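Here is the structure we will look at.
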Amino acid sequence: MEIEQLEKIASQVRRDIVRMVHGCQSGHPGGSLGCTELFVALYFERLKLKEQDGKPVFDMNGKDEDIFFLSNGHISPVWYSTLARRGYFPVSELATFRKLDSRLQGHPTTHEHLEGIRIASGSLGQGLSVALGAATAKKLNNDKGHIFVLMGDGEQQEGQVWEAAGFAPHHQIDNLVAIIDLNGQQIDGPTVKVMNNRDLGAKYEAFGWEVISIEEGNDMAAVLKGLYEAQSRLGHGRPILILLHTGMGFGVDFMMGSHKWHGVAPNDEQLAAALGQLEESLGDY
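First residue of the sequence shown: 1, per the UniProt record's numbering; consecutive thereafter.
Set out below in structure tokens:
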């Protein structure tokens with residue numbers, strides 16, 4: 001796809017995010033908006049997926065295809081919107097987000113059998129471990145698919161992350177790309193104040209990872225360039241880490257850069273203001 005096409009999809013995904021969270025008055029818009037370029041770039045351009053008649057065909061094992069895991073599961077709105085817009089399930093289902101009997105729970109789960117979801121997530125710190133298990137299985141099965149996992153920067157304060165970070169290079173898990181959303185915010189405030197992560201790149205490099213930084217994580221061209229650079233480095237004995245610098249709430253001016261929009265829904269007036277800044281490019285659900 002052309003960059004302009006991907007940017008139009010991203011605008012629609014952002015509209016979906018704010019409408020979904022507003023519709024149930026619950027959810028996490030800030031981090032979802034900040035990671036929109038990444039999700040669109042992955043699902044519409046980078047990931048190798050099984051398809052039939054132009055739409056992805058989902059199975060839990062993900063054999064001979066790339067697999068994505070979301071560790072910071074609270075940003076489910078951006079994932080659900082991207083999956084629906086990519087064709088995994090009807091776009092109209094987005095209207096059920098966080099409502100009774102919906103498959104689109106606040107944190108992704110598996111017992112609803114929602115296409116595209118392979119693990120329950122949102123209990124922070126677990127996603128990298130799951131990704132390592134899947135990546136190891138692919139290597140044992142001589143499966144050429146790659147594993148991608150997204151984590152939050154606040155999530156790096158979890159001890160389980162660092163057990164997994166040590167495991168990956170020791171066992172030469174070189175079919176794995178881990179991504180950290182560096183928006184500098186978490187639920188209680190800026191990460192530098194809550195628990196300063198300091199130089200995450202240096203830490204992962206010390207563990208044996210190869211580190212790539214995408215300084216403009218809300219620029220579609222920059223995100224694609226970083227993803228393809230990561231792809232070119234796979235298969236050489238080391239796992240890859242992408243430091244993705246994004247803006248919390250990107251695309252909606254009054255949400256940008258503030259931890260206060262980590263888990264707060266817009267009211268009617270705020271929704272109207274947000275939608276006024278985002279192009280309806282694919283049609284609202």
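Glycine included, every Cβ here is placed at the ideal spot set by N, Cα and C.
Bear in mind that the values here come from a model prediction, so they are computed numbers and not experimental data.
In chain order, what residues of the same chain lie with their CB nearer than 6 angstroms to the CB of residue i, ignoring the 5 residues before and after it?
| i | result |
| --- | --- |
| Glu65 | Lys48, Leu49, Lys50 and Gly145 |
| Ala95 | Tyr285 |
| Gly208 | Pro169 |
| Asn183 | Gly34, Thr246 and Met248 |
| Ser11 | Leu278, Glu279 and Ser281 |
| Gln185 | Met248 and His259 |
When you compare only the Cα positions, how much space is there between residue i and residue j?
| i | j | result |
| --- | --- | --- |
| Trp79 | Phe39 | 7 angstroms |
| Gly247 | Met220 | 13 angstroms |
| residue 333 | Leu278 | The question about residue 333 has no answer, for the chain in this structure spans 1 to 285. |
| His245 | Thr110 | 30 angstroms |
| Thr191 | His113 | 34 angstroms |
| Thr136 | Ala168 | 9 angstroms |
| Lys260 | Leu176 | 33 angstroms |
| Glu155 | Gly125 | 6 angstroms |
| Glu216 | Asn267 | 30 angstroms |
Using beta-carbon positions only, say whether residue i and residue j come within less than 8 angstroms of one another.
| i | j | result |
| --- | --- | --- |
| Gly116 | Leu83 | yes |
| Leu234 | Asp143 | no |
| Ala41 | Val252 | no |
| Ile9 | Leu282 | yes |
| Arg118 | Ile67 | yes |
| Ser81 | Ser121 | no |
| residue 310 | Asn197 | With the chain covering only 1 through 285, there is no way to say anything about residue 310. |
On a CA-only basis, which of the options is nearest residue i? Give me that one, please.
| i | options | result |
| --- | --- | --- |
| Leu132 | His171, Gln25, Cys24 and Ser123 | His171 |
| Ala178 | Asn197, Gly276 and Gly201 | Gly201 |
Here's a check: name, in chain order, each residue in its chain whose Cβ is nearer than 7 angstroms to the Cβ of residue i, leaving out the five neighbours to either side.
| i | result |
| --- | --- |
| Ser26 | Arg98, Gly106 and Ala265 |
| Ser129 | Gln160 and Ala164 |
| Gly226 | Ile212, Ile214 and Ile242 |
| Arg86 | Tyr43, Phe44 and Pro56 |
Give every residue of the same chain whose Cβ lies closer than 8 angstroms to the Cβ of residue i, excluding the five residues on either side of it in the sequence, and list them in chain order.
| i | result |
| --- | --- |
| Pro77 | Asp16, Ile17, Met20, Val21, Gly27, His28, Pro29, Ser32 and Phe97 |
| Gly189 | His259 |
| Cys24 | Phe97, Arg98, Lys99 and Ala265 |
For residue i, count the other beta carbons within 10 Å of its own beta carbon; 16 or more makes it buried, fewer makes it exposed. Which is it?
| i | result |
| --- | --- |
| Pro239 | buried |
| Arg14 | buried |
| Lys193 | exposed |
| Ser232 | exposed |
| Gly276 | exposed |
| Met195 | exposed |
| Lys63 | exposed |
| Ser123 | exposed |
| His236 | exposed |
| Asp181 | buried |
| Glu229 | exposed |
| Met255 | buried |
| Pro90 | exposed |
| Met60 | exposed |
Is residue i near the ligand MG, going by C-beta to nearest heavy atom under 7 angstroms?
| i | result |
| --- | --- |
| Trp162 | Only the bare structure without any ligand can be found here, which leaves the ligand MG out of the picture. |
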